[in-house]
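Asks: Could you have a look at this structure, given as structure tokens, before my questions?
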Amino acid sequence: MDIQIHHTFSLLSLLSLLFAPTVAFAPTDNYLINCGSNSNALDFSRVFIGDSTSTFLSEGKSIALKNQNPSPNLSSLYSNARVFTSELSYKFHINKNGTHLVRLHFSPFVSQSYNLSTAIFNVSANGFPILSHFSVKHDDLREFIMMVDSKSLEILFNPASEFGFVSAIEVISAPDDLIVDIDTKFVGPSEIKEYKNISSHVLETLHRINVGGSKITPFNDTLWRTWIPDDDFLVLKSAAKRAVTPHTPNYQKGGASREVAPDNVYMTAQQMNKNNLTMSAKFNITWEFPVGSHGVLHLVRLHFCDIVSISLNQLFFDVFINGFSAYRDLDLSELTFHVLASPYYIDFVVKSDKSGFMQISIGPSELSSPLRANAILNGVEIMKMVNVVELETGSKRGSLWIIVVSVLGGIAAICLAVLAVVIALECRKKKEKEKPKPVESMGWVPLPINGGSSYSRFSEVTANVSPGPKLFFALKIPFSDIQYATNNFDKSLIIGSGGFGMVYKGTLRDNTKVAVKRSVPGSRQGLPEFQTEITVLSKIRHHHLVSLIGYCEEQSERILRHKKGLLKQIIDPKLSGQIKPKSLKKFVETAEKCLAEYGIDRPTMGDVLWNLEHALQLQEPGTRTASCEDSNLNEP
């Protein structure tokens, strides 16, 4: 009997594939790029245009590489690749804002000059990181679903090793009903809650499963997707029994459409195997899907279509995800407006656990009668929410950004205050130059070029002359003390550098921790700048700014000595205890780099985004972060 049922199922599945409806969806944006080629390639009846002659490819250091030994079964799309040794981008004009599918194809092969499987690179879309330190050993397709609300979409590739590569790119506008912000449920240890604004997140497809059916190729999918069978993911295969129907699903307004999933997904299913004698199989059917990262949010979409009931209101079942109740007493008759075999899907947001797997189970509910107890599932899609680190309700993401903005805003405010003081002093200096010169003046003696000592000359002045340098005499310290504090400028004590010189970590004879800034020959900081810095910093005392406690100008040296500040002491007390040390340190490092004197030393906007995302991941509770010692925060 089982053999006959299996043969019937196979025949029906084959017929449904042969007579599947042709692709009817016509996307407004439909860019198909054959990377690393000047000719077109055909893949599942779609034409991919060679990028060598296209206007999408930006100028940069890249080459077109051809696979000299392609596999006989290899798609023509994977016979070449675009290899880049520096930043490379593809830019596409967007005709219709909204949800888009972005697919990146990778097929590593070996040539005389490159082994593509050794490439490591980063990818971003309109500045949002989607692949970080990515490498590929086998043919791979990465699909992302994202909202595009600008007039263009730029996909940026950046090598993290010596080079990177890409084989093909797809940018396709998606139907309006593919991702909607309605009835998305967050599943966790507590009660089920509504999850809002799912369409605003970038989603990476991890699994797309045709439950109870065979493989569906892009040719038979309205959005050119691939659906694979569920056999390899069933925990106990004997607990499930395949169900199939030859009839086309009854699509209803408000339910699923052919763009959400093709007919073949809803025409097959797994149901409970009532004939199984194993006790555990009489309760649930369970699937396990590898998802990798721990503590990452995922969108889990479950597809349902009641093809097993002969009348309405007979099927009631429960859904569990990662052991948590996701839906109790699910009644498809009620959800599909009392129409049998009507497609329907439900979206859940779930955080992955330490197991590295996403477990989905279905089983009869307490409302089921003993004779009609059953449960079904037709399809599964699991999508990772890329770089999303919010907690269960998503509310902490907002508060986290408030913390981020507060920290960076405070640092920026301090920098602006210092800049304002410098500008004010410069204006005063110009006014003083315009005034008649006094009979006697007082100034700083220029530093000798070829060694020797320098000193400050003080003399009687008129009442109109500022006695500035006289106030700095108490700050002057011997060069020998600087040598002692820095162990004669030991290179191992260097903690920073800039256009004006190196910064050393030091300890005075009284065990005071200091930061020593030593000017280097040829630096842009001359005597006026050196004097201005002392003038400004000696007058500023703020708990968010390290204090200047001394200077030295001996033996052709220009040195500033600051009190060594503790990072944990300069943040707003209201934020105390809310920011993880490593996350805060990463934010401050990013801000510090943005304030570098030379433009070449400042990070790009892409680098800033990467660093901020990294800091957010360090802050997120699920990310593995080692506990930080207090010494980690004691950087100046």
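Letter by letter, the sequence shown follows residues -24 to -1, 1 to 612 in mature numbering (1 follows the signal peptide of the UniProt record, and there is no 0). A virtual CB, placed ideally from N, CA and C, is assigned to each residue, including glycine. Here the structure is a predicted model, which means the values were calculated and not measured.
How do the segment 158 to 165 and the segment 287 to 307 stand: do at least 3 beta-carbon pairs fall below 8 Å, yes or no?
Replies: Touching, yes.
Asks: Can you give the Cα-Cα distance for Pro557 and Ala591, rounded to whole angstroms?
Replies: Near 10 Å, if we compare the C-alpha coordinates of Ala591 and Pro557.
Asks: Identify every run of the beta strand (DSSP E) within the segment 45 to 100, keeping only runs that are complete inside it and at least 3 residues long; order them along the chain.
Replies: If we require 3 residues or more, the beta strand (DSSP E) runs fully inside the segment 45 to 100 come out as 56 to 60, 64 to 69, 74 to 82.
Asks: State the DSSP-derived secondary structure class of Gln593, mapped to helix, strand or coil.
Replies: Correct three-state label for Gln593: helix.
Asks: One question on the structure: do Ile352 and Leu291 come within less than 9 Å of each other, judged by their Cβ atoms?
Replies: Yes, the pair counts as a contact, with Cβ atoms nearer than the cut-off.
Asks: According to DSSP, Asp19 sits in a beta bridge with which residue or residues?
Replies: Paired residues: Arg22.
Asks: Would you mind sorting His109 into buried or exposed? The rule is 16 or more other CB atoms within 10 Å of its CB.
Replies: When all chains shown are included, His109 counts as exposed.
Asks: Within the same chain, show all residues whose beta-carbon is closer than 8 Å to that of Val284, passing over the 5 residues directly before and after it, in chain order.
Replies: Within the same chain, Val284 has close Cβ partners Ala219, Ala245, Gln247, Leu291, Asn350, Ile352.
Asks: Enumerate in chain order the residues of its own chain whose CB-to-CB distance from Pro151 is below 6 Å, with the five nearest sequence positions on each side excluded.
Replies: Excluding sequence neighbours, Pro151 sits near Glu235.
Asks: Based on DSSP bridge pairs, tell me the residues matched to Pro346.
Replies: In DSSP, Pro346 forms no bridge with anything.
Asks: Which residues in the same chain as Ser62 place their Cβ atom closer than 6 Å to its Cβ, once the five residues preceding and following it in sequence are excluded?
Replies: Once the five neighbours on either side are set aside, the close Cβ partners of Ser62 are Gly36, Lys37.
Asks: I need the straight-line Cα distance from Leu308 to Gln335, nearest angstrom please.
Replies: For Leu308 and Gln335, the distance between alpha carbons rounds to 22 Å.
Asks: Candidates Ser128, Arg184, Tyr171, Ser149: which alpha carbon is nearest Arg118's?
Replies: Checking every option, the nearest Cα to that of Arg118 belongs to Arg184.
Asks: Can you give me the Cβ contacts of Phe296 inside the same chain, cut-off strictly under 7 Å, excluding the 5 residues immediately before and after it?
Replies: Answer for Phe296: Ala302, Ser337, listed in chain order.
Asks: Going by the CB atoms, is the gap between Ile131 and Leu77 shorter than 9 Å?
Replies: No, these two residues do not count as a Cβ contact at 9 Å.
Asks: Give a yes or no on contact between the segment 484 to 491 and the segment 455 to 475, applying the rule of three or more CB pairs nearer than 8 Å.
Replies: Contact holds: three or more Cβ-Cβ distances are below 8 Å.
Asks: Which two residues bound the contiguous beta strand (DSSP E) that contains Tyr320?
Replies: Unbroken beta strand (DSSP E) run through Tyr320: 320 to 327.
Asks: Which of the three DSSP states is assigned to Asn196 in this structure?
Replies: Here Asn196 sits in helix by DSSP.
Asks: Are the Cβ atoms of Ala2 and Ser52 separated by less than 9 Å?
Replies: The answer is no: Cβ separation not under 9 Å.
Asks: Is there contact here, the segment 93 to 112 with the segment 127 to 146, by at least three beta-carbon pairs under 8 Å?
Replies: Segments in contact, yes.
Asks: Per DSSP, what are the beta-bridge partners of Leu469 in this structure?
Replies: According to DSSP, which records beta bridges pairwise, Leu469 is partnered with nothing at all.
Asks: What are the partner residues of Lys161, as DSSP defines its beta bridges?
Replies: Bridge partners of Lys161: Glu170, Phe324.
Asks: Using only alpha-carbon positions, find the residue among Ile261, Asp323, Arg494 that is nearest to Lys169.
Replies: The shortest Cα separation from Lys169 among Ile261, Asp323, Arg494 belongs to Asp323.
Asks: If distances are taken between C-alpha atoms only, which option among Ser214, Pro48, Asn73 comes closest to Thr4?
Replies: Checked all of Ser214, Pro48, Asn73; the closest Cα to Thr4 is Asn73.
Asks: Thinking C-beta only, is Asn49 closer than 9 Å to Phe85?
Replies: In this structure, Asn49 does not lie closer than 9 Å to Phe85 by Cβ.
Asks: Kindly list the residues whose CB is nearer than 8 Å to the CB of Thr31, restricted to its own chain and excluding five residues on each side of it in sequence; keep chain order.
Replies: Hits under 8 Å: none found.
Asks: Determine whether the beta carbon atoms of Ile192 and Val241 lie at a separation below 9 Å.
Replies: The answer is yes: Cβ separation under 9 Å.
Asks: Looking only at its own chain, which residues have a Cβ that is under 8 Å from the Cβ of Tyr227, when we skip the five neighbours before and after it?
Replies: Same-chain partners within the cutoff: Ser233, Arg234, Ser318, Pro319.
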